[in-house]
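Colleague: Per full-length UniProt numbering: the sequence shown = residues 1 to 566.
Don't be surprised by glycine CBs; every beta carbon is placed ideally from N, CA and C.
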Amino acid sequence: MLAFLPLWVSGPLSSSAAWKVLLRCWLACFVSFVILLPNASLRTMGAQGFFALLTSLFLPPYLPVQLTIFLLSTLMLGLLVIAVRDQAHILNVTAQIQASIQSNPLFQADPSLAQNVAVFDGLFLDVRATAVYGGFLIIGALISGLIRAYAPKLLFMSIFGTIGPFCARVPPSMFTHHLGGGPAVPCEAVHPAELDRDLHRALYGHRDNHDDICVPQTMSHAMMDNLAEQLQRLQTMVERQDDVLAARPEDLTPEAPIIAQLKALRILAITTQQQLSATSGLISLEFSWGKWNGDDVRSLEAPTVALITRIDCLLNFDTLAGSARLGPPSAATDPGASTASLADTRWHETYLLRSIHTRNATLEAAHGVRPDDVLPLLCTATGERRATTVGALAAVRAQIAHVNRTRWRRDAAGDIARTSAVDAASVRLEDAIRDFTARGRMELLAPFLPLLEVAAKEGQGTGDGTPALPLRCYVFAANIVAVAEAAQAFVGRAGHWVEALEGEIVGAHGRTVAVETRHCARGQVGRREKDYRRDPDSRSPTNAFQKLMHLIHHFYLWTKTAEAIV
Numbered sequence: 001m002l003a004f005l006p007l008w009v010s011g012p013l014s015s016s017a018a019w020k021v022l023l024r025c026w027l028a029c030f031v032s033f034v035i036l037l038p039n040a041s042l043r044t045m046g047a048q049g050f051f052a053l054l055t056s057l058f059l060p061p062y063l064p065v066q067l068t069i070f071l072l073s074t075l076m077l078g079l080l081v082i083a084v085r086d087q088a089h090i091l092n093v094t095a096q097i098q099a100s101i102q103s104n105p106l107f108q109a110d111p112s113l114a115q116n117v118a119v120f121d122g123l124f125l126d127v128r129a130t131a132v133y134g135g136f137l138i139i140g141a142l143i144s145g146l147i148r149a150y151a152p153k154l155l156f157m158s159i160f161g162t163i164g165p166f167c168a169r170v171p172p173s174m175f176t177h178h179l180g181g182g183p184a185v186p187c188e189a190v191h192p193a194e195l196d197r198d199l200h201r202a203l204y205g206h207r208d209n210h211d212d213i214c215v216p217q218t219m220s221h222a223m224m225d226n227l228a229e230q231l232q233r234l235q236t237m238v239e240r241q242d243d244v245l246a247a248r249p250e251d252l253t254p255e256a257p258i259i260a261q262l263k264a265l266r267i268l269a270i271t272t273q274q275q276l277s278a279t280s281g282l283i284s285l286e287f288s289w290g291k292w293n294g295d296d297v298r299s300l301e302a303p304t305v306a307l308i309t310r311i312d313c314l315l316n317f318d319t320l321a322g323s324a325r326l327g328p329p330s331a332a333t334d335p336g337a338s339t340a341s342l343a344d345t346r347w348h349e350t351y352l353l354r355s356i357h358t359r360n361a362t363l364e365a366a367h368g369v370r371p372d373d374v375l376p377l378l379c380t381a382t383g384e385r386r387a388t389t390v391g392a393l394a395a396v397r398a399q400i401a402h403v404n405r406t407r408w409r410r411d412a413a414g415d416i417a418r419t420s421a422v423d424a425a426s427v428r429l430e431d432a433i434r435d436f437t438a439r440g441r442m443e444l445l446a447p448f449l450p451l452l453e454v455a456a457k458e459g460q461g462t463g464d465g466t467p468a469l470p471l472r473c474y475v476f477a478a479n480i481v482a483v484a485e486a487a488q489a490f491v492g493r494a495g496h497w498v499e500a501l502e503g504e505i506v507g508a509h510g511r512t513v514a515v516e517t518r519h520c521a522r523g524q525v526g527r528r529e530k531d532y533r534r535d536p537d538s539r540s541p542t543n544a545f546q547k548l549m550h551l552i553h554h555f556y557l558w559t560k561t562a563e564a565i566v
C-alpha cells in the first residue's frame, strides 16, 4: 500500500526514526496541555506552561541532544545582557518613581505617567547594559552581513536578523516589576528578566527533558541513521535502472512514473546530504560512546557525495532515453523517415541542435546502433555490475545500521557476519569491474565498431579530426563503471577493512589496490614528494607575531573582496 503514496508520506511511515520523533513531539504537546489545564499547575506554572506549549509547537524536539543544547545555549546571550544590569540602580530608580507618585497628585491619578516621564528623562539608562547590548548588536549585524554576502539565498534571514533586536527590545521601565506596586500597566506586560527566565525554563526544562528522556538520540546516531536512509535511496536509484532499460519509449517521458520517482529520489538525496553537511561539523564535539566516533562517521561524507554525484549521472541518460528512441527496432529502417520523425519531435530546438540530432539519428539508423537496438545488449553487459553495486550498497547499509543499533552493547557474532558480508560484496564488486574491463567492455563496443571504422576513414581522407559520434548508449556503461568505482571506495571506507598504507591500500583477502598510482596517472602529486629547498620567506608562520601578522594580511586581502564590500 505504501508504494502508491508519495515519498514524503511513505518515507516517514516506514522509518522508525520518524516514529520516534513523532512520539517526542506528541509527548511535548501533551505535557504542555497537562500543565495548562489543571488550575493548580496553571496558577503555579502558568507562564512556563504557556511558553512550553509555544516551544512544543514552534520548536519541536526533533533534533539530537547536543544540537538542541547548542541551539538553546544561544538564548544565554540575551540572559547575559539582562544579568549585567545594575540591580541597585534599578531599585534606586524604582524608589524615585514611587516617591514621585506619592508626592505628585498628577502621578497618583495616573501612575503610568510617572514611568513614562522616567523613561523620557533617561533614568533607566545603564552604561554596562547598553555597552553589552551594543556589542551583541554589532556581532549580530556582522553575522547577518556575512550571511547576506556569502549565502544570498538566506537574504530574508539576514534582514530579519538585523531588524530583530530593534523590534524585540522593549524599555525595561514599561513593566510592573519596577513599580513595586499593583498592576499599573496592561496585564500582558511582563518584566523582560522574568520573561527570559520563563522562556529559558520552558526551553531547557521542557524540550531538553524530552530529548534526553524520551528516546534520546545523539548527533552521531542521527547522522548514521540518515546515512543508512541515503544508501537506501541510492540503492533504489540503481535498481530502477533495470526498469529503465526494459521500458518502452512512451514509459520514459518526463511525466512518466519511473522518471518522476528517480527525480524525486535525486532531489531528496541531494537535500538530505546538504543538511548532513551543514550539521556534520559539530559531530566531533559531542560526548558519545560507541563503536564509531565522530571522525569515523564524518569520514563517510566525502564518499557519499561522490556516490550521489556518480549515480546522478545515470538520470541524464534515463531522461534522454525516451526522447532519443524513435520507435520499435527494425533492421530495415528508412533514414529519411527517422529524420522526419526526429524533426517533428524536436520542433522546439534550434536549427543547429536539430541538425546535430538529425545527423546522429541517421548514423544510428544506418549502422543499427539506435537506443532500441543497443539497450538489450547494454542491459546484459552491465547487469552484473549493477547487481554487485546494489549488493555492496545493501551490505554497507546493513553494517551501518548494525553499528548504529549496537553502539552501546556487544554483538560479536553480528559484527563478524556484517563484516564478512561487506567483505564478500566488495570482492564481488571488484571482480565485476575487472570482468567488464576485460570482456564486457568489448562486447558492448562491438556494435559501434563499423561506425568507428567509417569515422576513422573519413578523418584520414579529409585530414580533419574524428567527428562527433552518437555514442549515447556507451555513456551509460561509462557511468555504471564510475558508480561501481565510487561504491567500491565507499565500501572500503565504511567497512573499515581498508587500511591506508604507504603507497597502497590493502583490501579484502590480501588484495591490494594501487590508489596512488591510479590517482596520480594524470599528473597529480602524490604523498611521496621529493624534498627540495624552499624560500625562507615562504615558510608558514611559526611564532605568535608572525601568526598575528598573517591574520592581519589575510584580513586585508578579504577587505578587497566583493563579499566584504557588500
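Is the beta carbon of V238 less than 8 angstroms from the beta carbon of I311?
Modeller: Working through the sequence shown from its first residue, we reach residue 238 at position 238. Working through the sequence shown from its first residue, we reach residue 311 at position 311. Yes, the pair counts as a contact, with Cβ atoms nearer than the cut-off.
Colleague: Can you tell me the Cβ-Cβ gap for N404 and D295, rounded? I've got them flagged as a contact below 8 angstroms.
Modeller: On the sequence shown, residue 404 is found 404 positions in, with the first residue counted as 1. On the sequence shown, residue 295 is found 295 positions in, with the first residue counted as 1. Not a contact, Cβ separation roughly 16 angstroms.
Colleague: Tell me the rounded alpha-carbon separation between Q96 and L106.
Modeller: Walking along the sequence shown from the start, residue 96 turns up at place 96. Walking along the sequence shown from the start, residue 106 turns up at place 106. Answer to the nearest angstrom: the Cα atoms are 15 angstroms apart.
Colleague: Between S220, T253 and R266, which has its C-alpha nearest N293's C-alpha?
Modeller: Taking the sequence shown and counting its residues from 1, one reaches residue 293 at position 293. Answer by Cα proximity: S220.
Colleague: Considering only their Cβ atoms, is the gap separating L234 from residue 636 smaller than 8 angstroms?
Modeller: Outside the shown range of the chain (1 to 566) lies residue 636, about which nothing can therefore be said.
Colleague: In terms of residue numbering, what span does the alpha helix (DSSP H) encompassing N226 cover?
Modeller: Here residue 226 refers to the residue found at position 226 of the sequence shown. Taken as a continuous stretch (DSSP letters only), the alpha helix (DSSP H) holding N226 covers M219 to E239.
Colleague: Could you spell out the range, first to last residue, of the alpha helix (DSSP H) harbouring E364?
Modeller: Here residue 364 is taken as the residue at index 364 of the sequence shown, counted from 1. Element bounds for E364: Y351 to H367.
Colleague: Can you tell me whether F555 is buried or exposed, with buried defined as 16 or more other CB within 10 angstroms of its CB?
Modeller: Stepping through the sequence shown from its first residue, residue 555 is reached at position 555. So F555 counts as exposed.
Colleague: If you draw a straight line from the C-alpha of I101 to the C-alpha of L125, how long is it?
Modeller: For the purposes of this step, residue 101 is taken as the residue at position 101 of the sequence shown. For the purposes of this step, residue 125 is taken as the residue at position 125 of the sequence shown. Whole-angstrom Cα-Cα distance: 20 angstroms.
Colleague: Helix, strand or coil, according to DSSP, for E255 in the structure here?
Modeller: By one-based count along the sequence shown, residue 255 stands at place 255. DSSP places E255 in coil when its eight states are reduced to three.
Colleague: DSSP three-state call for L123: helix, strand or coil?
Modeller: Position 123 of the sequence shown, counted from the first residue, corresponds to residue 123. Coil, per DSSP.
Colleague: When you compare each of A99, D121 and G122 to P111 by their alpha carbons, which one comes out closest?
Modeller: In the sequence shown, residue 111 corresponds to position 111, counting from 1. P111 has its Cα closest to that of A99, out of A99, D121 and G122.
Colleague: Three-state secondary structure (DSSP) at A151?
Modeller: Here residue 151 corresponds to residue number 151 of the sequence shown, with the count starting at 1. The answer is coil: DSSP assigns A151 none of H, G, I, E or B.
Colleague: Pull up the CB-CB distance for R385 and A484, whole angstroms please, since I reckon it's below 8 angstroms.
Modeller: Mapped onto the sequence shown, residue 385 falls at position 385. Mapped onto the sequence shown, residue 484 falls at position 484. The pair is a contact, with the Cβ atoms about 5 angstroms apart (cut-off 8 angstroms).
Colleague: Measuring only between beta-carbons, confirm whether A18 sits less than 8 angstroms from chain B.
Modeller: The chain labelled as chain B is not found in the depicted structure, where only one protein chain is given.
Colleague: Just the C-alpha distance for I258 and F317, rounded to the nearest angstrom, thanks.
Modeller: Here the question's residue 258 lines up with position 258 in the sequence shown. Here the question's residue 317 lines up with position 317 in the sequence shown. Their Cα atoms are separated by approximately 13 angstroms.
Colleague: Assuming V369 and L445 are in contact, meaning their beta carbons sit under 8 angstroms apart, how far apart are those beta carbons, in whole angstroms?
Modeller: For the purposes of this step, residue 369 is taken as residue 369 along the sequence shown, with counting starting at 1. For the purposes of this step, residue 445 is taken as residue 445 along the sequence shown, with counting starting at 1. Wrong, their Cβ atoms sit about 11 angstroms apart, outside the cutoff.
Colleague: Let me know if I139 comes out buried or exposed under the rule of 16 or more other beta-carbons within 10 Å of its beta-carbon.
Modeller: On the sequence shown, residue 139 is found 139 positions in, with the first residue counted as 1. Exposed is the call here.
Colleague: Using three-state DSSP, classify D295 as helix, strand or coil.
Modeller: Position 295 of the sequence shown holds residue 295. D295: helix per DSSP, three-state reduction.
Colleague: Let me check understanding here. Comparing Cα to Cα, which of L252, V244 and I433 lies closest to P376?
Modeller: Numbered from its first residue, the sequence shown carries residue 376 at position 376. Of the candidates L252, V244 and I433, the one whose C-alpha sits nearest the C-alpha of P376 is V244.
Colleague: Tell me whether P541 sits in a helix, a strand or coil according to DSSP, three-state version.
Modeller: Indexing the sequence shown from 1 puts residue 541 at position 541. If DSSP states are grouped into helix, strand and coil, P541 belongs with coil.
Colleague: Indicate whether C379 and A246 have their beta-carbon atoms separated by less than 8 angstroms.
Modeller: For the purposes of this step, residue 379 is identified with residue 379 of the sequence shown, where counting begins at 1. For the purposes of this step, residue 246 is identified with residue 246 of the sequence shown, where counting begins at 1. Yes, Cβ-Cβ distance for C379 and A246 is below 8 angstroms.
Colleague: Applying the criterion that 16 or more other CB atoms from any shown protein chain within 10 Å of the CB defines a buried residue, is Y133 buried or exposed?
Modeller: For the purposes of this step, residue 133 is taken as the residue at position 133 of the sequence shown. Y133 should be labelled buried.
Colleague: I need the boundaries of the alpha helix (DSSP H) containing R428, first residue and last residue.
Modeller: Residue 428 sits at position 428 when you count from the first residue of the sequence shown. Segment A412 to D435, the alpha helix (DSSP H) holding R428.
Colleague: Ends of the alpha helix (DSSP H) at I400?
Modeller: Sequence index remark: in the sequence shown, residue 400 carries index 400 (1-based). I400 -> alpha helix (DSSP H) spans G383 to R405.
Colleague: Taking 7 angstroms as the limit between beta carbons, can you name the residues of its chain near L551, skipping five residues before and five after?
Modeller: Taking the sequence shown and counting its residues from 1, one reaches residue 551 at position 551. Excluding sequence neighbours, L551 sits near nothing in its chain.
Colleague: Closer than 6 angstroms by C-beta to A482: which residues in its own chain qualify, once you throw out the five before and the five after it? Chain order, please.
Modeller: In the sequence shown, the residue the question calls residue 482 occupies position 482. Here the set comprises R310.
Colleague: What does the alpha-carbon distance come out to for the pair P303 and N360?
Modeller: Along the sequence shown, read from residue 1 onward, the residue named residue 303 stands at position 303. Along the sequence shown, read from residue 1 onward, the residue named residue 360 stands at position 360. Computed Cα separation, rounded: 36 angstroms.
Colleague: Starting from R441, trace the alpha helix (DSSP H) in both directions and tell me its first and last residue.
Modeller: Mapped onto the sequence shown, residue 441 falls at position 441. Per DSSP, R441 belongs to the alpha helix (DSSP H) from R441 to L445.
Colleague: Let me confirm a value: S426 is counted as buried when at least 16 other C-beta atoms fall within 10 Å, else exposed. Which label applies?
Modeller: To locate residue 426, count along the sequence shown from 1; it is residue 426. Classification of S426: buried, given that the 10 Å Cβ count is 16 or more.
Colleague: Would you mind reading off the limits of the alpha helix (DSSP H) that contains L300?
Modeller: Mapped onto the sequence shown, residue 300 falls at position 300. Premise fails: L300 is in no alpha helix (DSSP H) and is neither H nor E.
Colleague: Apply the 10 Å Cβ neighbour rule to A269 and answer buried if 16 or more other Cβ atoms are within range, or exposed otherwise.
Modeller: Walking along the sequence shown from the start, residue 269 turns up at place 269. Counting Cβ neighbours within 10 Å, A269 comes out buried, since at least 16 surround it.
Colleague: With distances taken between CB atoms, is the gap from L265 to T236 smaller than 8 angstroms?
Modeller: Working through the sequence shown from its first residue, we reach residue 265 at position 265. Working through the sequence shown from its first residue, we reach residue 236 at position 236. Contact flag set, yes.
Colleague: Which of the three DSSP states is assigned to D373 in this structure?
Modeller: Here residue 373 refers to the residue found at position 373 of the sequence shown. Looking at D373 - three-state DSSP - the assignment turns out to be helix.
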